[in-house]
Amino acid sequence: MKICSGCGIDNPAEAKFCRSCGQPFPEDAPAAQTPAPAVSAPEPEPAVDAPASPYVPPQPEVPSYQPAPQPVQQVPQAQPVPPVQPEPQAAYGYAPAPDYGQPQGYATGPIPTPGPAAPGAAPQPAPPAQPTQPSQAGVEAQAFGRWLLDSLKAPSKVFKTQVWWSFVVTVVTALIMSLITYTWTAKAYSGVNSWTNQLSAALGGSYRSSAAPSATVWLKAWLAFLILLYVAVVIAFIGRKLFGDPISFLALHDQFAQRLLPFVVLDLAALLLSLVGAIAVAALLFSLGFMVVLLVLPGAIIATGENHRKLDSYWLWLIAIVIAVVVLLLGLMLAGSIGGSAVSDAVRFSY
Numbered sequence: 438m439k440i441c442s443g444c445g446i447d448n449p450a451e452a453k454f455c456r457s458c459g460q461p462f463p464e465d466a467p468a469a470q471t472p473a474p475a476v477s478a479p480e481p482e483p484a485v486d487a488p489a490s491p492y493v494p495p496q497p498e499v500p501s502y503q504p505a506p507q508p509v510q511q512v513p514q515a516q517p518v519p520p521v522q523p524e525p526q527a528a529y530g531y532a533p534a535p536d537y538g539q540p541q542g543y544a545t546g547p548i549p550t551p552g553p554a555a556p557g558a559a560p561q562p563a564p565p566a567q568p569t570q571p572s573q574a575g576v577e578a579q580a581f582g583r584w585l586l587d588s589l590k591a592p593s594k595v596f597k598t599q600v601w602w603s604f605v606v607t608v609v610t611a612l613i614m615s616l617i618t619y620t621w622t623a624k625a626y627s628g629v630n631s632w633t634n635q636l637s638a639a640l641g642g643s644y645r646s647s648a649a650p651s652a653t654v655w656l657k658a659w660l661a662f663l664i665l666l667y668v669a670v671v672i673a674f675i676g677r678k679l680f681g682d683p684i685s686f687l688a689l690h691d692q693f694a695q696r697l698l699p700f701v702v703l704d705l706a707a708l709l710l711s712l713v714g715a716i717a718v719a720a721l722l723f724s725l726g727f728m729v730v731l732l733v734l735p736g737a738i739i740a741t742g743e744n745h746r747k748l749d750s751y752w753l754w755l756i757a758i759v760i761a762v763v764v765l766l767l768g769l770m771l772a773g774s775i776g777g778s779a780v781s782d783a784v785r786f787s788y
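438 is the number of the first residue of the sequence shown in this note's numbering; add one for each residue after it.
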């Protein structure tokens with residue numbers, strides 16, 4: 438490089454004139470040496486045998502289609518509903534009774550009496566009547582009716598019941614049996630009175646007798662049948678306990694009442710036949726049903742249990758039969774004395 442002494446501009450080394458001011462350079466003017474930067478020799482890298490990798494062509498960039506964020510719509514929050522206290526339910530294991538709660542929008546306090554309307558004002562409608570809630574007795578009565586129908590369809594099924602349900606079934610069954618015998622007694626009264634009146638008229642005399650048997654006849658017959666029914670319950674309970682069954686008396690009483698319901702229907706049919714005069718058919722149905730209830734039903738209930746004793750079932754059954762015969766004889770003696778008193782009342786009041 439040549440530096441002009443006039444203007445100080447750098448010029449090439451082979452230039453003879455300054456490219457800025459045109460001043461000639463002397464031929465012996467030395468060219469200015471520009472220091473070159475020191476370049477360090479690269480250090481040799483160690484030779485490493487790299488595995489040859491296959492050539493992978495570059496893949497085209499796939500555009501990503503991300504959906505644009507949508508604005509989130511805020512859902513209005515539902516107002517909290519205060520919990521409704523459930524109605525007391527019966528112990529029967531079925532669907533709960535419908536909720537007869539207070540309708541929303543109506544006050545539970547006393548209904549205000551509307552005052553005199555202002556002149557020109559429109560008349561206001563009367564507040565709607567509030568529905569009445571069913572009583573506890575009504576709820577239990579509905580559950581009792583459902584239990585009767587379900588027990589009639591499946592007598593061997595186990596239900597969760599109230600204590601008094603089975604007692605009602607047993608007492609009503611004895612009541613129907615006593616009404617059947619009272620109807621037969623009344624029919625007999627009517628026949629005897631008709632025959633006696635005809636005989637008295639033929640002899641020229643008069644005869645008067647009671648038009649119907651006394652109510653004590655019906656009451657004593659009801660008590661006698663009730664004793665016999667509970668004799669059957671006691672026989673079944675003793676038999677189950679003899680086999681070591683942990684069942685309670687109330688639970689077994691429920692099983693007996695459920696299996697007694699088909700015979701209640703049979704007794705109702707016998708009562709209707711007795712009222713219309715079909716005494717023979719009614720007596721046949723009543724006798725068959727009563728014998729099955731008294732002699733067969735306790736054994737059927739005992740057979741549904743399991744043997745929890747070490748003694749063989751044959752010996753347990755033999756002992757149970759002996760005990761059943763003894764209990765049955767005692768019950769027949771007690772019921773027979775009451776029934777004999779009823780018969781004596783019927784004969785005494787017939788004259």
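All C-beta atoms in this analysis are idealised placements derived from N, C-alpha and C, irrespective of residue type, glycine included.
What is the rounded straight-line gap between the Cα of residue i and the Cα of residue j?
i	j	result
Leu666	Leu731	7 angstroms
Val780	Val668	22 angstroms
Cys441	Phe462	8 angstroms
Phe581	Gln573	12 angstroms
Pro705	Leu616	Per the sequence shown, residue 705 should be read as Leu rather than Pro. Cα to Cα, Leu705 sits roughly 10 angstroms from Leu616.
Thr618	Leu660	12 angstroms
Ser724	Ala707	10 angstroms
Ala757	Ile613	30 angstroms
Leu748	Leu734	24 angstroms
Leu766	Val759	11 angstroms
Ser711	Gly726	15 angstroms
Ala674	Leu585	Per the sequence presented here, residue 674 reads as Phe, with Ala not at that position. Each residue's alpha carbon lies about 22 angstroms from the other.
Gln579	Asp587	13 angstroms
Gly736	Lys678	13 angstroms
Gly768	Arg583	33 angstroms
Cys458	Ala452	13 angstroms
Gly575	Thr598	16 angstroms
Met770	Ala761	14 angstroms
Val764	Gly676	12 angstroms
Leu709	Leu721	13 angstroms
Ser750	Val729	23 angstroms
Ala652	Ala719	22 angstroms
Ser685	Arg746	17 angstroms
Lys594	Ala625	42 angstroms
State the start and end residues of the unbroken alpha helix (DSSP H) segment that holds residue i.
i	result
Glu577	573–590
Arg696	686–712
Pro735	734–740
Ile672	652–679
Ile716	716–728
In chain order, what residues of the same chain have a beta carbon less than 6 angstroms from the beta carbon of residue i, not counting five sequence neighbours either side?
i	result
Phe680	Gly742, Asn744, Leu753
Pro592	Gln695, Arg696
Among the residues of its own chain, which have a CB less than 8 angstroms from the CB of residue i, if the five just before and after it don't count?
i	result
Thr607	Leu663, Leu666, Tyr667, Val670, His690, Phe693, Ala694, Leu697
Lys657	Ile775, Gly776, Ser778, Ala779, Asp782
Leu589	Leu698, Pro699, Val702
Ile446	Ile440, Cys455, Arg456, Ser457, Cys458
Cys738	Here residue 738 is Ile; the residue named in the question, Cys, does not match the sequence. For Ile738, where only same-chain residues beyond five positions count, the Cβ hits under 8 angstroms are Ala673, Gly676, Arg677, Leu689, Gln692, Phe693, Arg696.
Val609	Val701
Gln460	Cys441, Ser442, Gly443, Cys444, Phe454
Thr620	Leu708, Ser711, Leu712
Leu687	Val600, Ser603
Go ahead and label residue i buried or exposed: buried means 16 or more other beta carbons lie within 10 angstroms of its beta carbon, across all protein chains shown.
i	result
Val476	Reliability of the predicted coordinates at Val476 is poor, the pLDDT of 47 falling under 50, and no value is obtained from them.
Ala772	buried
Pro449	exposed
Pro809	There is simply no residue 809 to check, as the chain begins at 438 and stops at 788 in what is shown.
Cys444	exposed
Val784	exposed
Val654	buried
Ala740	exposed
Determine whether the Cβ of residue i lies closer than 9 angstroms to any Cβ atom of chain B.
i	result
Val654	Absent from the structure: chain B. Only one protein chain is present.
Pair every Cβ in the stretch 705–718 with every Cβ in the stretch 602–611, then say whether three or more of these pairs are closer than 8 angstroms. no
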